[in-house]
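Residue numbers (our numbering): 8 to 855.
For every residue, glycine included, the Cβ atom is placed at its ideal position computed from N, Cα and C.
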Amino acid sequence: TRAFSAVLFRRISTRTSKDPNSGEQKETFLQLGSPQRAEIRQKLLLCHANEQKAHVRNKFADAVAEIARQYTDETVLNPDGSRDTWPELLNALFASSQSPDAAMRESAFRILETTPGIIEKQHEDVVLGVFQKGIKDPATEVRLATMAAFSSFFQSLNKKSQQKYFALIPDILNTLIPLKEAGDSEQLTKALMAIIELAEVASRMFKNVFGDLVQLSISMIQDTNLDDQARQNALELMATFADYNPTMCKKDPNYTEQMVTQCLSLMTDVGADDDDAEEWNASEDVDFDESDSNHVAGEQTMDRLANKLGGQILLPPTFTWLPRMIQSLSWRDRHAALMAISAISEGCQELMEGELDKVLDLVVPALQDPHPRVRWAGCNALGQMSTDFKGTMQTKYHGIVLPALIPVLGAPEPRVQSHAAAALVNFCEEAEKETLEPYLDTLVERLMHLLQNQKRFVQEQALSTIATVADSAESTFGKWYGNLMPLLFNVLQQPNERELRLLRAKAMECATLIALAVGKERMNQDAIQLVNILGHVQSNIVDEDDPQESYLLHCWGRMCRVLGQDFVPYLQAVMPPLMKLATAKADVQLLDDEENVAQIEQEEGWELVPLKGKYIGIKTSTLDDKFMAVELLTVYAQNLDGGFAPYVAEVMNTVAVPGLAFFFHDPVRVASAKAVPQLLASFKAAHGRDSVQYNQLWEATIAKVLEVLETEPAIETLAEMYQCFYESVEVSGKDCLSNDHMAIFISSAETVLKDYQVRVQKRAEEANEREDGDEPDEETQFAIEDDQTLLSDMNKAFHTIFKNQGQSFLPHWERLLNYYDLFVSNQDDTQRQWALCILDDVLEFCGP
């Protein structure tokens, strides 16, 4: 009863409703009067302190943590305006952390973990002492709870305050050794998670013990007596250092060699109890989730090491092993070697590209290996290499890759056949038609043979590969049009059975890509028949999970490109479902029930965002569909020009302009920004620039575009908004901006430049704090690139305004003279270039 009361109290206290006094939405507890809040606080602490049963005490601890969170997140006021606080809480928790009862000590740290904001950071010595004692506690549960609480607290500190607590690291690492020696995988897993969180926040705090930590972690990874999860967490800890401090990893004499060895070893842990791959080959679930397997953990870590450490560091130890593994008598070794090549090729692209002939000497023979999983891995490696070394693989090595890969389409194992076809997708989508032409006869013949395969997943993959080949071969694919298109029509005219839906979707994709490749003239009346078939498919879709629906949208877009203006009559059928997706609202749910959160976590297409002890669930699948719909509307406006004009006003007002401020999903905002100038161009083509209709649309649209230049929070997306602005001005042409428009533009530009200077200053300060030899982290490098893109698109916006407005823009531009002076004399090349380009525009368009 007591446990249930605590759970019920916690649920009720977090419910939000309108506060009758303030009219604001507040949680139930915060709406109580000061005396009631004080009494509840006292009662909660009393219950927590006096409860003898550990599981019940934990429920009270959760309730205490929830009320503490509310005091941390909100400013709670008494009737006289003074701030209401919970001063007794921290002392009570510190006292509980010294209790003779280990369960009570653990409970105190559990509360501190969930609400680190209650810890008063000015009392550093006291806090440090509490954590030091907890980490050395004789009870394992208390030590682990302390580590979790410290990790949570440490993440709330600024960099300067963090240094005080670096002294705890040796004691934290000492907790791992007895857990490993005892083989306590469950507790070891928890301890490693806390250390991983610390490494993500301040990897440099481990600098003085990093060598010892590497050796300890490696010993855990290779300890097969530990559970897989504990071993993988040790691997994750080491990979985290590569992510956040690659320089420290490069400097350690053992890190790279040991990590490569352990990753490759884990990658051989595949196909247990299935030595001849009979079970693997019989499975039709080709997308089976093995994300928690050791071999997948090893592959993913190799990928991360390659991207963070680079080829110069990673390739020597890796290729010490790979030639031996490729020649091994064990198929698992050969499989691991090939998967390692797949994993590292992107990160080591620059160095590996110069040695591709040697790498292919290792990979290509695997396509004739006696074991099907090795042949599958060989296909995987070639597919990945075709993407990572695109261009070079296709132009220099097609004579090696295609003659070796095409015969594998005839392998006896369906999974190998399917994967060979998938690898060909990667190769062909980056190949020129001249490269493919000598191989097309054999390739298409083999793929058409796969369409007769008994396994549906093989048929589906064959259709995808044929579609890609057609897309790359373009008009030269016309030779096979007469044989293929009737087959595809036949598939699409079969009854719409559930198990055939994905196959039909792939057939639609294939047919429309072939149509795009051969063109309207070659298709003749087939084009109209295909459009009619697509219309029939659309009218018979009733289930939300029917894959044909999403494929169909892209198919309509392709047929629009094929038919051009002849597609206009079909818009009345195509537009309603497309507009339904494009105008969809964000599906957002506030979740405060743990069961609901757990249920949403199990469903695909949802993202959970923590907020004040609750979660906001956002249905990302709806947002992805909305993004795709906006992109397709842009395709229609671009390809149909004035023919799309009857739909422009509705699309602009209900999709594109609102989409500029759709803050739930960055891609929707970007797609909307690309749609706006295309919609304007379509409307202008139909009505003329000087028409009343166009000017009404322009005035309403440009006002919103200027507005988002002031409100867009993401740097990368803001650059897209500037591109939207200058492309829209280009569409409207000379003197399309009023003085008010130009004044608003300059105000937004000034704000952007001020914010940019703040970011540059912050990065300079961070650079000064870095130790010699330390590189800026990936996040910083991306931020610099985003800023460079933003300045570039701002430049184009200024250029476009000067080009179209001439001297009328000068008075507005002069408001930014101080920034030009600062930028033109700056040591940073980007800033000097920005200023010089704009000054060049002034001279070109406003000079004598």
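Express the C-alpha separation of residue j and residue i in angstroms, rounding to a whole number.
i           : j           : result
residue 98  : residue 130 : 12 Å
residue 16  : residue 138 : 30 Å
residue 452 : residue 661 : 48 Å
residue 1   : residue 738 : Nothing about residue 1 can be reported from this structure: the residues present for the chain run from 8 to 855 only.
residue 210 : residue 148 : 25 Å
residue 101 : residue 115 : 7 Å
residue 189 : residue 55  : 32 Å
residue 38  : residue 53  : 22 Å
residue 247 : residue 217 : 13 Å
residue 681 : residue 630 : 17 Å
residue 347 : residue 366 : 12 Å
residue 47  : residue 9   : 15 Å
residue 671 : residue 726 : 18 Å
residue 87  : residue 76  : 23 Å
residue 812 : residue 684 : 18 Å
residue 676 : residue 105 : 53 Å
residue 394 : residue 286 : 30 Å
residue 352 : residue 800 : 33 Å
residue 507 : residue 302 : 33 Å
residue 371 : residue 213 : 43 Å
residue 411 : residue 405 : 10 Å
residue 457 : residue 514 : 14 Å
residue 415 : residue 379 : 11 Å
residue 354 : residue 253 : 13 Å
residue 92  : residue 78  : 7 Å
residue 350 : residue 334 : 19 Å
Spell out the partners DSSP gives residue i in its beta bridges.
i          : result
residue 23 : 34
residue 84 : 90
Could you give the residue range of the alpha helix (DSSP H) that holds residue i?
i           : result
residue 671 : Looking at the DSSP string, residue 671 is not in any alpha helix (DSSP H), and its letter there is neither H nor E.
residue 893 : There is simply no residue 893 to check, as the chain begins at 8 and stops at 855 in what is shown.
residue 184 : 183-188
residue 584 : 578-589
residue 143 : From DSSP, residue 143 is part of no alpha helix (DSSP H); its letter is neither H nor E.
residue 506 : Careful: residue 506 lies outside any alpha helix (DSSP H) and carries neither H nor E.
residue 265 : 262-274
residue 654 : 652-658
residue 433 : 421-435
residue 214 : From DSSP, residue 214 is part of no alpha helix (DSSP H); its letter is neither H nor E.
residue 251 : 235-251
residue 532 : 532-546
residue 326 : 318-333
residue 45  : 41-57
residue 169 : 166-169
residue 813 : Looking at the DSSP string, residue 813 is not in any alpha helix (DSSP H), and its letter there is neither H nor E.
residue 555 : 554-570
residue 285 : 285-289
>> Does the contact criterion of 3 or more C-beta pairs under 8 Å hold for the segment 427-442 versus the segment 306-319?
In response: no
> Which residue spans inside the segment 707-790 form an unbroken alpha helix (DSSP H) run of at least 4?
Replying inline: 722-739 and 746-776
> Where are the alpha helix (DSSP H) runs, 4 residues long or more, that stay fully inside the segment 816-854, in chain order?
Replying inline: 817-820, 824-831 and 836-853
>> Please give me, in chain order, every unbroken run of the alpha helix (DSSP H) with length at least 4 that falls completely inside the segment 444-497.
In response: 447-457 and 463-480
> Using 8 Å as the Cβ pair cut-off and three pairs as the minimum, do the segment 581-589 and the segment 628-641 touch?
Replying inline: yes
> Does the segment 842-850 come within contact of the segment 765-784, defined as at least 3 CB pairs closer than 8 Å?
Replying inline: no
> Counting Cβ pairs, one atom from each stretch, are 3 or more of them under 8 Å apart for the segment 274-293 and the segment 214-227?
Replying inline: no
>> Check whether the segment 316-325 and the segment 272-291 are in contact - that is, three or more C-beta pairs closer than 8 Å.
In response: no
> With contact counted as at least three CB pairs below 8 Å, one residue from each stretch, are the segment 744-759 and the segment 688-702 in contact?
Replying inline: no
> Would the segment 751-767 and the segment 717-736 be scored as touching if the rule is three or more Cβ pairs under 8 Å?
Replying inline: yes
>> Suppose only complete runs of 4+ residues qualify. What are the alpha helix (DSSP H) ranges in the segment 98-140, listed by chain order?
In response: 109-121
>> List, from N- to C-terminal side, the alpha helix (DSSP H) runs of 4 residues or more that fit wholly inside the segment 344-412.
In response: 356-360, 363-370, 379-395 and 399-412
> Can you find at least 3 beta carbon pairs, one from the segment 247-262 and one from the segment 228-239, that sit closer than 8 Å?
Replying inline: no
> If we count Cβ pairs, one from each stretch, closer than 8 Å, do we get three or more for the segment 384-391 versus the segment 427-435?
Replying inline: yes
> In chain order, which alpha helix (DSSP H) runs of at least 4 residues are fully inside the segment 672-703?
Replying inline: 673-694
> Counting Cβ pairs closer than 8 Å, one from the segment 534-545 and one from the segment 559-570, do we hit at least three?
Replying inline: yes
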